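J.: Handing you a structure now.
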Amino acid sequence: MRVGFIGLGSQGAPMARRIVEAGFATTLWARRAAALAPFADTAVKTADSPAELAAVSDVVCLCVVDDADVEQVTTAADGVLAGLRAGGVVLVHSTVHPDTCRRLAERARAQGVSVLDAPVSGGASAAEKGSLLVLVGGDPEVFAKCRPLLATYGDPVAHLGPTGAGQLAKLLNNLLFTAQLGLAADTLALGTRLGLDREALGRILTRGSARSFALERLVDAGGGLERLGAHAGGLLAKDVRLFAEIAESAARTDDGDQGPVRRAARAALDAMGL
239 MRVGFIGLGS QGAPMARRIV EAGFATTLWA RRAAALAPFA DTAVKTADSP AELAAVSDVV
299 CLCVVDDADV EQVTTAADGV LAGLRAGGVV LVHSTVHPDT CRRLAERARA QGVSVLDAPV
359 SGGASAAEKG SLLVLVGGDP EVFAKCRPLL ATYGDPVAHL GPTGAGQLAK LLNNLLFTAQ
419 LGLAADTLAL GTRLGLDREA LGRILTRGSA RSFALERLVD AGGGLERLGA HAGGLLAKDV
479 RLFAEIAESA ARTDDGDQGP VRRAARAALD AMGL
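This is the structure:
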């Protein structure tokens, strides 16, 4: 299996490196030459365009930022679909609207190409360890074909249903994570008002039944939302907004009630100034 990888950011780069180290023939494309520099000591090849990358790949992995990036890199005149042969597969690791993946899958199907939406969770450290959570939607047979590749950076790797199912699960994951950040910040602030040392309280709560990934990230960031907001707030806001659009279009709200998880997530984003 020949693999192409696009999107060599903080999470994509270690994913690509694990693919290379697993022995897959790998081709990379990046807008910035600096993103390719860390791979100078490997056997990777590079391409001058997404189409050129796709022409020498059986599977193309995308780990770009948002819906517009996914659409641009796949459907532009020099995009992935311009070069990928029939039988090829596009893996969308970006967190985007499920409809973006469904539209792409429909367009790709016309030329015999398959699309799996496969957003990931866990961050750069999990990517480096090969322990990303990979949430997949799409054809089960295509998923089975790609599973050995996904397993180079994912554990667990879960197939959740048809195209878009992986994105729905990832958006729910990020919605809950954002809400938990807000609840954790409120809890630490309450402890401070009651006379407890915020740092000590945060450190000890991460060892008890209140422990969560969100609490650990908050404690690492000093116990407040400001640093987290500056680092990841924009992406979390994007994902909460995407889920809000999905819920509203599916009439999953009742009399304007957005539900406790969505309200908590919105409150956390408000606290970050987003």
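Quick note on this note's numbering: the sequence shown kicks off at 239 and runs consecutively. Glycine is no exception: its CB is placed at the ideal position from the N, C-alpha and C atoms. All figures in this text were calculated on a predicted structure; none of them were measured in a lab.
Do you know offhand how far Leu274's Cα is from Gly497's?
T.: Along the sequence shown, read from residue 1 onward, the residue named residue 274 stands at position 36. Along the sequence shown, read from residue 1 onward, the residue named residue 497 stands at position 259. Leu274 and Gly497 have their C-alpha atoms roughly 44 Å apart.
J.: If we cut at 8 Å on Cβ distances, does Glu259 have a partner in chain E?
T.: As a matter of chain content, chain E is missing from the structure shown, which is built from one protein chain.
J.: Can you check whether the CB of Leu370 is closer than 8 Å to the CB of Lys408?
T.: Indexing the sequence shown from 1 puts residue 408 at position 170. Indexing the sequence shown from 1 puts residue 370 at position 132. No.
J.: Quick one: residues in its chain with C-beta nearer than 8 Å to the C-beta of Asp296, no 5 flanking neighbours on either side, listed in chain order?
T.: Position 58 of the sequence shown, counted from the start, is the residue given in the question as residue 296. Met239, Arg240, Val241, Gly325, Gly326 and Val327.
J.: Cα separation between Arg445 and Pro252?
T.: By one-based count along the sequence shown, residue 445 stands at place 207. By one-based count along the sequence shown, residue 252 stands at place 14. So the two alpha carbons sit approximately 29 Å from each other.
J.: Does Ser359 come out as helix, strand or coil in the three-state DSSP assignment?
T.: In the sequence shown, the residue the question calls residue 359 occupies position 121. Of the three classes helix, strand and coil, the one that applies to Ser359 here is strand, per DSSP.
J.: For Arg500, does the three-state DSSP call read helix, strand or coil?
T.: The residue given as residue 500 occupies position 262 in the sequence shown. DSSP places Arg500 in helix when its eight states are reduced to three.
J.: Under the three-state reduction of DSSP, which class applies to Gly446: helix, strand or coil?
T.: Working through the sequence shown from its first residue, we reach residue 446 at position 208. Correct three-state label for Gly446: coil.
J.: Please work out which residues of its chain come closer than 8 Å, Cβ to Cβ, to Thr313, disregarding the five sequence neighbours upstream and downstream, and give them in chain order.
T.: Start at 1 with the first residue of the sequence shown, and residue 313 comes out as number 75. Within the same chain, Cβ atoms closer than 8 Å to the Cβ of Thr313 are found at Leu319, Leu342 and Arg345, the five residues on either side in sequence being excluded.
J.: Do Val311 and Leu300 have their C-beta atoms closer together than 8 Å?
T.: As a first step, residue 311 must be located in the sequence shown, where it is residue number 73. As a first step, residue 300 must be located in the sequence shown, where it is residue number 62. Cβ atoms of Val311 and Leu300: closer than 8 Å.
J.: Is the beta carbon of Ala417 closer than 8 Å to that of Leu463?
T.: Numbered from 1 along the sequence shown, position 225 holds the residue referred to as residue 463. Numbered from 1 along the sequence shown, position 179 holds the residue referred to as residue 417. No, these two residues do not count as a Cβ contact at 8 Å.
J.: Could you check which residue in Ala348, Gln349 and Val353 has the C-alpha nearest to that of Thr338?
T.: The residue you call residue 338 lines up with position 100 of the sequence shown. Of the listed residues, the one whose Cα sits closest to Thr338 is Val353.
J.: Can the beta-carbon of Thr390 be found less than 8 Å from the beta-carbon of Ala268?
T.: For the purposes of this step, residue 390 is taken as residue 152 along the sequence shown, with counting starting at 1. For the purposes of this step, residue 268 is taken as residue 30 along the sequence shown, with counting starting at 1. No, the pair does not count as a contact, with Cβ atoms beyond the cut-off.
J.: Kindly indicate the opening and closing residues of the alpha helix (DSSP H) around Thr312.
T.: In the sequence shown, residue 312 corresponds to position 74, counting from 1. Here the alpha helix (DSSP H) through Thr312 covers Asp305 to Thr313.
J.: Which term fits Lys367, buried or exposed, when burial requires 16 or more other beta carbons within 10 angstroms of its beta carbon?
T.: Sequence index remark: in the sequence shown, residue 367 carries index 129 (1-based). By the neighbour-count rule (16 or more Cβ atoms within 10 Å), Lys367 is not buried but exposed.
J.: Leaving aside the five residues before and after Gly511 along the sequence, list all residues of the same chain whose C-beta is less than 7 Å from its C-beta, in chain order.
T.: Locating residue 511 in the sequence shown gives position 273, where the first residue counts as 1. For Gly511, where only same-chain residues beyond five positions count, the Cβ hits under 7 Å are Gly467.
J.: Roughly how many whole angstroms lie between the Cα atoms of Ala289 and Gly317?
T.: Reading the sequence shown from its first residue, position 51 is the one you call residue 289. Reading the sequence shown from its first residue, position 79 is the one you call residue 317. In a straight line, the C-alpha of Ala289 is about 5 Å away from that of Gly317.
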